[in-house]
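According to my numbering, the sequence shown holds residues 8 to 294 in order. Backbone N, C-alpha and C define an ideal beta-carbon position, used for all residues, glycine too. If you're wondering where the values come from, they're calculated on a predicted model, not measured in any experiment.
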Amino acid sequence: MPADCKLFPNRHTGYLKTNHPLLHKASCSGSPSFKQGISMSTQDLSGKTALVTGASRGIGAAIADTLAQAGAKVIGTATSESGAAAISERLAQWGGEGRVLNIAEADSIENLIAELEKTHGPLAILVNNAGITRDNLLMRMKEEEWDEIMQVNLKSVFRASKAAMRGMMKARHGRIINITSVVGSMGNAGQANYAAAKAGLIGFAKSMAREIGSRGITVNCVAPGFIDTDMTRALPEETRKMFEAQTALGSFGEPQDIADAVLFLASDQAKYITGQTLHVNGGMLMP
Numbered sequence: 008m009p010a011d012c013k014l015f016p017n018r019h020t021g022y023l024k025t026n027h028p029l030l031h032k033a034s035c036s037g038s039p040s041f042k043q044g045i046s047m048s049t050q051d052l053s054g055k056t057a058l059v060t061g062a063s064r065g066i067g068a069a070i071a072d073t074l075a076q077a078g079a080k081v082i083g084t085a086t087s088e089s090g091a092a093a094i095s096e097r098l099a100q101w102g103g104e105g106r107v108l109n110i111a112e113a114d115s116i117e118n119l120i121a122e123l124e125k126t127h128g129p130l131a132i133l134v135n136n137a138g139i140t141r142d143n144l145l146m147r148m149k150e151e152e153w154d155e156i157m158q159v160n161l162k163s164v165f166r167a168s169k170a171a172m173r174g175m176m177k178a179r180h181g182r183i184i185n186i187t188s189v190v191g192s193m194g195n196a197g198q199a200n201y202a203a204a205k206a207g208l209i210g211f212a213k214s215m216a217r218e219i220g221s222r223g224i225t226v227n228c229v230a231p232g233f234i235d236t237d238m239t240r241a242l243p244e245e246t247r248k249m250f251e252a253q254t255a256l257g258s259f260g261e262p263q264d265i266a267d268a269v270l271f272l273a274s275d276q277a278k279y280i281t282g283q284t285l286h287v288n289g290g291m292l293m294p
C-alpha cells in the first residue's frame, strides 16, 4: 500500500484516490485488500462484439454509437443497403459497420450471426431493437396487422436470441437486451398488437434469463416511454403536450437516455442483474 492513505485499491485501476473521511481511518499497513477501497465497475466494452438491430436512426442509432464509443465492435443492421451504408459511415470511426438484415426472415438472422461469429467470434452483446407499428383499434384490426407485428417485434427476437445464445453459452458470457416499451406494461388504445408483442418480450426475457443464467449470460429489457424521435416530432403540438403532461418530468426523453440504459446493462456494472425490465419513461409509469 502506498504511504499516502488517500489511495485505496480497487479491482480495475489498482488504486483509487479518495478524500472520504471514513476511508482515511482504515489501516494502511499490510497487503492491499479490495475490502479497504471502493470498487469501481467499468463500462469499458473493449474486445466485445455487439449486434444492434434497427440501428439506422433514432434509439437504435444512439445505442449503436454509444456501445461503439465504449469500445465494442458494433455491427448495426438496417433493412436497406442505403441504411446499412449510413450505419457503416457513422460507425467507421470506432471500427464498426452496418449490415442489411431482414429481421422477419429466419435465414437472414441465422446467416448474419453465423458470419459474424466466424469473423469476430461469439457475440458478447445482442440488442434486439428493431421493431415496427401497425396501429389500429382492435375491432378494425386485420389479421395481417397482428401477424406482422408478432413476426417482426416478437418472433424475430426469439430467432436472434436463439442464434446468438449458442456462442454465448460456449463462451460462458453474454448480454442480451430487448428494447420493449412502456406500452407493453400499461397498454394503449389502438396498439393491442404492439402491446402484446412488447409484453411478450418481457416474459421471454425472464424465461430465458432462468434458462441460461448459469452460463454467465444475462437477459434484460429496457422499456422506453415517449422519446424525442422523428416519429414523435411529427405529432401535433397539442398531442405532444398531452403526452408530456403524463410524465412526472414533464418532457419526452432523448434517444441517449435509452442508449445509456443499454450501456449499463451491457457492462460489468450490471453483471448481477438479469430478468429485469429497466423503465426509462420520465415517470409516465411507475410499476
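In DSSP terms, what residue i is bridged to
{"i": "Asn118", "result": "Partner(s): none; Asn118 has no beta bridge."}
{"i": "Glu104", "result": "Ile82"}
{"i": "Asn227", "result": "Ile184"}
{"i": "Leu133", "result": "Leu58 and Ile183"}
{"i": "Thr246", "result": "Partner(s): none; Thr246 has no beta bridge."}
{"i": "Ile234", "result": "Gly260"}
{"i": "Val287", "result": "Pro231"}
Beta-carbon gap between residue i and residue j smaller than 8 angstroms
{"i": "Lys123", "j": "Met175", "result": "The sequence given here has Leu at residue 123, not Lys. Not closer than 8 angstroms, so no."}
{"i": "Gly103", "j": "Ala71", "result": "yes"}
{"i": "Met172", "j": "Ile116", "result": "no"}
{"i": "Arg217", "j": "Leu272", "result": "no"}
{"i": "Met266", "j": "Leu285", "result": "Sequence inspection shows Ala at residue 266; the Met mentioned does not correspond to that position. Their beta carbons are not under 8 angstroms apart, which means Ala266 does not touch Leu285 by this criterion."}
{"i": "Gln50", "j": "Ser274", "result": "yes"}
{"i": "Val159", "j": "Ala111", "result": "yes"}
{"i": "Ala178", "j": "Val190", "result": "no"}
{"i": "Thr239", "j": "Phe259", "result": "yes"}
{"i": "Gly232", "j": "Ala255", "result": "no"}
{"i": "Asp264", "j": "Arg64", "result": "no"}
{"i": "Ile7", "j": "Leu74", "result": "The structure shown does not extend to residue 7, since the chain spans only 8 to 294, so no value can be given for it."}
Same chain only: Cβ atoms within 7 angstroms of residue i, ignoring 5 sequence neighbours per side
{"i": "Ala113", "result": "Arg166"}
{"i": "Arg141", "result": "Glu152, Glu155, Ile156 and Asn200"}
{"i": "Lys42", "result": "Residue placement at Lys42 cannot be trusted, given a pLDDT of 43 that sits under 50; what the coordinates show is reported in the next sentence. Closer than 7 angstroms at the Cβ level, and outside the excluded window around Lys42, lies no residue."}
{"i": "Glu295", "result": "No information on residue 295 is available, as it lies outside the stretch 8 to 294 that the chain covers here."}
{"i": "Ser95", "result": "Glu104 and Gly105"}
{"i": "Asn195", "result": "Ala202"}
When the options are compared against residue i, the one with the closest alpha-carbon
{"i": "Met293", "options": "Gly197, Gln253, Glu261 and Thr281", "result": "Gln253"}
{"i": "Val197", "options": "Thr236, Ala92, Asn118 and Met146", "result": "Per the sequence shown, residue 197 should be read as Gly rather than Val. Cα-wise, what sits closest to Gly197 is Met146."}
{"i": "Thr230", "options": "Glu244, Ala206 and Asn109", "result": "Looking at the sequence itself, residue 230 is Ala, so the reference to Thr does not match. Closest option to Ala230, Cα to Cα, is Ala206."}
{"i": "Ala211", "options": "Val164, Ala62 and His127", "result": "Before going on, a small fix: residue 211 reads as Phe here, not Ala. The candidate whose alpha carbon is nearest that of Phe211 is Val164."}
{"i": "Gly128", "options": "Ile110, Glu244, Asn143 and Val81", "result": "Val81"}
{"i": "Ile184", "options": "Gly223, Gly282 and Met193", "result": "Gly282"}
{"i": "Val134", "options": "Leu208, Arg247, Asn118 and Arg240", "result": "Leu208"}
{"i": "His180", "options": "Gly194, Leu161 and Ser221", "result": "Ser221"}
{"i": "Met193", "options": "Asn288, Glu96, Leu74 and Ser95", "result": "Asn288"}
{"i": "Gly223", "options": "Tyr279, Lys248, Glu244 and Gln263", "result": "Tyr279"}
{"i": "Gly257", "options": "Gln263, Asp264 and Lys248", "result": "Lys248"}
{"i": "Gln276", "options": "Asn118, Ala241, Asn109 and Thr225", "result": "Thr225"}
{"i": "Ser168", "options": "Met215, Glu150 and Ser188", "result": "Met215"}
{"i": "Leu270", "options": "Pro243, Asn227 and Ala241", "result": "Asn227"}
Beta-carbon proximity list for residue i, same chain, < 8 angstroms, skipping 5 on both sides
{"i": "Gln76", "result": "Trp101"}
{"i": "Asn136", "result": "Val59, Thr60, Gly61, Ala62, Ile66, Gly67, Ile70 and Ile186"}
{"i": "Val107", "result": "Thr84, Ala85, Thr86, Ser87, Glu88, Gly90 and Ala91"}
{"i": "Pro28", "result": "At Pro28, the pLDDT of 47 sits below 50, so the modelled position is not reliable and the matter cannot be decided from this model."}
{"i": "Leu242", "result": "Phe250"}
{"i": "Ile139", "result": "Glu155, Ile156, Val159 and Asn160"}
{"i": "Ala7", "result": "The question about residue 7 has no answer, for the chain in this structure spans 8 to 294."}
Whole-number beta carbon distance between residue j and residue i, since they are thought to touch under 8 angstroms
{"i": "Leu98", "j": "Gly90", "result": "Not confirmed; about 13 angstroms, so no contact."}
{"i": "Ala204", "j": "Leu161", "result": "4 angstroms"}
Same chain, Cβ closer than 6 angstroms to residue i, neighbours up to 5 away in sequence not counted
{"i": "Ala79", "result": "Leu52, Lys55 and Ala57"}
{"i": "Thr126", "result": "none"}
{"i": "Glu261", "result": "Asp235"}
{"i": "Thr213", "result": "Note that residue 213 is Lys in the sequence shown, not Thr. Excluding residues within five positions, the ones whose Cβ falls inside 6 angstroms are Gly282."}
{"i": "Ala10", "result": "Low local confidence applies: a pLDDT of 44 at Ala10 is under 50, so the model's placement there is unreliable, with the coordinate-based value given in what follows. Counting only Cβ-Cβ distances below 6 angstroms, and skipping sequence neighbours, we find nothing."}
{"i": "Asn109", "result": "Ser115"}
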